[in-house]
Structure formats: C-alpha cells, structure tokens
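With mature numbering (1 follows the signal peptide of the UniProt record, and there is no 0) applied, the sequence shown corresponds to residues -17 to -1, 1 to 220, in that order. Where a beta carbon is used, it is the ideal one built from N, C-alpha and C, also for glycine.
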Amino acid sequence: MKFLTLLFALAVVHTHALPTTNVEVSEDVSHLEKRSFLNQNDLEAGPASQCPEAILIFARGSTEPGNMGLVAGPALAATLQAQYDNIWIQGVGGAYTALISPNYLPNGTNRQSIDEGKRLFQLANIKCPKTPVVAGGYGQGTAVIWNAISELDEVVRKNIVGVTLFGYTKNLENKAQIPNYPPERTVVFCEYADAVCLGIMIPVTSHFFYADDAIGAAPRFLTAQIAAYVPAVSLGG
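The structure is reproduced here in structure tokens:
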C-alpha cells in the first residue's frame, strides 16, 4: 500500500510539472484533495499519547493547492511514509495562504505565515518532545521554514534534526544556510538556472522540477538525520 501511495504521488508531481489546461488541473487537484495527498494534518490531529517515529513539517510554494502543494511536498511525504511505519506529516496551512506578493517582503514571506510555521514546530514539541522533527519547504515555503526555525526557542529548535529546502528564495542572502540553525542539518536543492535561488523572484521552468530531489537525496538525508537522533536527557525532574 505504501508503494502504491508513493507511485501515485510521483505520477501526480510529474504530471503537474508539465503544461496542461486549467480544466485538467482543476479536476486533478480536486481529486487529489479528496485523497488527502495535498492536505496533511497528522500533527494537529494526532494524540500526544501516540507519538510517531518522526514528524515532517512542510511548507508549500506560492499558489500551490492544499497545505502540501504539488512540486515537492507530496513526493517527499510519500517517500518518507514508505520508510516508516508511523510518521506524522503536517503541511503549513492556516494563516500561510501562499500568496505571491509576500515573496517580495524582506524576509521572503509575511509575519502571519512565519508565525504559523512556528506554531506547528512548537506544537510538535508540546505533543511529542522526544520525537525527532524534520522539515521541508519549496519556494516561498522555504522562507516560512527558515524564518520560523530561526526564531524558535532553543529547546524547540534542538529537536529539528534536518531540513531540506527546494528552490530556496534566500539561498544567496543566507549562504545556503538557516540563521541560528546548524548548517550540517540543512540541505538546499537548487536546480540549474533556477533564478529564484539567485534571489530573482521570476520562476522559470527549472523552478518546477524538484520531484527527483524530493524522492531521492532529500529523504535520504532526512532519514539519516532521524536515525542519528538522540533525545535530550532531562536533568532534575
């Protein structure tokens, strides 16, 4: 079943990487949303008494549907789900509406979107403080993720063991890193000629081709980080 889920997700990603009609996109997106591939809310719905092996928090790119998007989110999630019997997948939705205009703000997104990202990381720490958290973002979603992580308290940030950023909009400015976060825990994927990675907010064709990274190098890195995770020992108490 996990294998079929992965194949379906990959088929959708590659389909939407190619030009199509608005009618076809609308029908496909509607079908996917019903199948919950574009909306994942395991963290918000999951009980603290049944914490998973790991938690993925992902922020989609501008104008992408659902809270997981199409280009990278579903493929990354499906690949990780195939690796673990129990992993929570959570997309950043709510106040993060993925409009285009916030891309041009100094931080690459707006305050309410950053706060929504922070809320989810904090929720993961409250519900499952001993569970490793990994994260990912695509396009504007990379700005949501890096800003949120940079602003978190250390007690929350230390459980975020790995982050993968696809089409990182602040790649040059942040030197392919996340401020206030260990560089060895971050991997950036920037396709050749993706102008977004150069700080030019004009998405050319290459900006939409991150599916291979989302099923290959990205989940390999995240699974390795999860495997190396050692929960912090609480002193006192």
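What residues match up with ASN24 in a beta bridge as DSSP calls it?
-> The sequence position of residue 24 within the sequence shown is 41, counting from 1. As DSSP reads the structure, ASN24 sits in a beta bridge with GLN73.
Does the segment 177 to 186 come close enough to the segment 198 to 212 that 3 or more CB-CB pairs lie under 8 Å?
-> No contact exists between the segment 198 to 212 and the segment 177 to 186.
Would you kindly check if the distance between the Cβ of ASN24 and the Cβ of GLY74 is under 9 Å?
-> For this step, residue 74 is matched to residue 91 along the sequence shown. For this step, residue 24 is matched to residue 41 along the sequence shown. Contact: yes.
Should ASN86 and ALA126 be called a contact, given that it needs their Cβ atoms to be closer than 9 Å?
-> Taking the first residue of the sequence shown as 1, we reach residue 86 at position 103. Taking the first residue of the sequence shown as 1, we reach residue 126 at position 143. Yes, these two residues count as a Cβ contact at 9 Å.
Could you tell me the distance, in whole angstroms, from the CA atom of ALA60 to the CA atom of THR169?
-> Counted from its first residue, the sequence shown places residue 60 at position 77. Counted from its first residue, the sequence shown places residue 169 at position 186. When rounded, the distance between both Cα atoms is 17 Å.
Uninterrupted alpha helix (DSSP H) stretches inside the segment 135 to 201 (no shorter than 4 residues) = Counting only runs of 4 or more, we get 137 to 140 and 194 to 198.
Looking only at DSSP bridge pairs, what is ILE40 linked to?
-> Residue 40 sits at position 57 when you count from the first residue of the sequence shown. DSSP, once it has assigned bridges, lists GLN73 and ALA118 as partnering ILE40.
Under the assumption that VAL179 contacts GLY145 (Cβ atoms under 8 Å), give the Cβ distance between them as a whole number of angstroms.
-> As a first step, residue 179 must be located in the sequence shown, where it is residue number 196. As a first step, residue 145 must be located in the sequence shown, where it is residue number 162. A Cβ-Cβ separation of about 22 Å leaves VAL179 out of contact with GLY145 under the 8 Å criterion.
If GLU174 sits next to TYR193, beta carbons under 8 Å apart, how far is it from one beta carbon to the other, in whole angstroms?
-> Against the sequence shown, residue 174 aligns to sequence position 191. Against the sequence shown, residue 193 aligns to sequence position 210. With a Cβ gap of about 7 Å, GLU174 and TYR193 count as contacting.
SER96 lies in the alpha helix (DSSP H); which residues open and close that run?
-> Within the sequence shown, residue 96 is the residue found at index 113, counting from 1. In this chain, the alpha helix (DSSP H) harbouring SER96 covers 94 to 110.
Helix or strand or just coil, what does DSSP make of LEU59?
-> Position 76 of the sequence shown holds residue 59. In the structure shown, LEU59 sits in a helix (DSSP, three-state: H, G or I).
Length of the line joining the Cα atoms of ALA197 and GLY52 = Position 214 of the sequence shown, counting from 1, holds the residue named residue 197. Position 69 of the sequence shown, counting from 1, holds the residue named residue 52. Going from the Cα of ALA197 to the Cα of GLY52 covers about 13 Å.
Answer with buried or exposed for PRO115, where buried requires no fewer than 16 other C-beta atoms within 10 angstroms of its C-beta.
-> Here residue 115 refers to the residue found at position 132 of the sequence shown. Buried, since its Cβ has 16 or more Cβ neighbours within 10 Å.
Backbone secondary structure at TYR67 - three-state DSSP | Within the sequence shown, numbered from 1, the residue matching residue 67 stands at position 84. The three-state reading of DSSP puts TYR67 in coil, since its state is none of H, G, I, E or B.
Helix or strand or just coil, what does DSSP make of THR80?
-> For this step, residue 80 is matched to residue 97 along the sequence shown. Reduced to three states, the DSSP call for THR80 is coil.
CB of ILE40 within 9 Å of CB of ILE128, strictly = In the sequence shown, the residue the question calls residue 40 occupies position 57. In the sequence shown, the residue the question calls residue 128 occupies position 145. Less than 9 Å divides the Cβ of ILE40 from the Cβ of ILE128.
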